[in-house]
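In the working numbering, the protein residues as written are 47 to 273. Reviewing the structure listed below.
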């Protein structure tokens, strides 16, 4: 899934690119409208700022929409109704006003993709683990597992790229947003609950000093329910 960030502020663009890449998206950045229009191949999702140095973002939106059915999400500091209406009338699929958190941005991307590409399933597989992002349901070996919202977000962060070590900070940003300033031990509590419910020893591995990743446990190691 290719995402193009069209943002002339390098600090904001860098934060968005890094966050999206950690979430598993193939991400590039453009600092102007012309760069966005010349991007090749066409991205699947465009995150478009309106205040660009060379042309108005609404014009960029109109041009992009005229050549592709890509998902376009306006991300801008302009929150006035007129700006929203203009962008949506020219083909934007959604409109997000700065400042915003990474978790909300990722949720908006998923929601827009569900609308513009409803035939594409959002299901992640790893062994006999299935994570359905649309319905937010999880099964292990055909058994449905009831997770809390935080446990699901943690599992999603790991299941997007099985085997890759996901740092504690990445997971906190994914599940608790970028504004989390509390103790990181809260993550261990939720990971412990997730492991207990999945009942797959070795599925959620701790990489000491770094974070967590999805391992490859023996599917026969399925302990019985504990009363």
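Backbone N, C-alpha and C define an ideal beta-carbon position, used for all residues, glycine too.
Which partner residues of residue i appear in the DSSP bridge assignment?
i	result
residue 185	176, 190
residue 48	72
residue 117	91
residue 212	258
residue 251	259
residue 102	97
residue 140	119
Nearest by alpha-carbon distance to residue i: which of the options is it?
i	options	result
residue 73	205, 79, 63	63
residue 127	255, 143, 172, 190	143
residue 260	197, 213, 204, 86	204
residue 113	85, 191, 202	85
residue 243	256, 186, 234, 251	186
residue 121	97, 115, 196	97
residue 209	236, 251, 151	251
residue 154	232, 125, 119	119
residue 47	237, 134, 152	152
Could you tell me the distance, in whole angstroms, from the CA atom of residue i to the CA atom of residue j?
i	j	result
residue 123	residue 169	33 Å
residue 106	residue 79	6 Å
residue 81	residue 147	25 Å
residue 215	residue 67	14 Å
residue 182	residue 263	23 Å
residue 158	residue 117	7 Å
residue 175	residue 51	32 Å
residue 221	residue 61	17 Å
residue 171	residue 59	31 Å
residue 95	residue 156	19 Å
residue 202	residue 57	27 Å
residue 213	residue 111	37 Å
residue 129	residue 115	21 Å
residue 258	residue 145	29 Å
residue 233	residue 162	34 Å
One question on the structure: do residue i and residue j come within less than 7 Å of each other, judged by their Cβ atoms?
i	j	result
residue 132	residue 104	yes
residue 207	residue 70	yes
residue 100	residue 77	no
residue 109	residue 93	no
residue 256	residue 211	yes
residue 248	residue 197	no
residue 89	residue 49	yes
Does the beta-carbon of residue i have 16 or more other beta-carbons within 10 angstroms, so that it is buried, or is it exposed?
i	result
residue 141	buried
residue 270	In this prediction, residue 270 has a pLDDT of 48, which is less than 50 and means its spatial position is unreliable; nothing more can be read from the coordinates.
residue 138	buried
residue 189	exposed
residue 125	exposed
residue 246	buried
residue 150	exposed
residue 235	exposed
residue 253	exposed
residue 75	buried
May I ask whether a heavy atom of the ligand ATP can be found less than 6 Å away from the beta carbon of residue i?
i	result
residue 138	The model on display carries no ligand, and the ligand ATP is accordingly not part of it.
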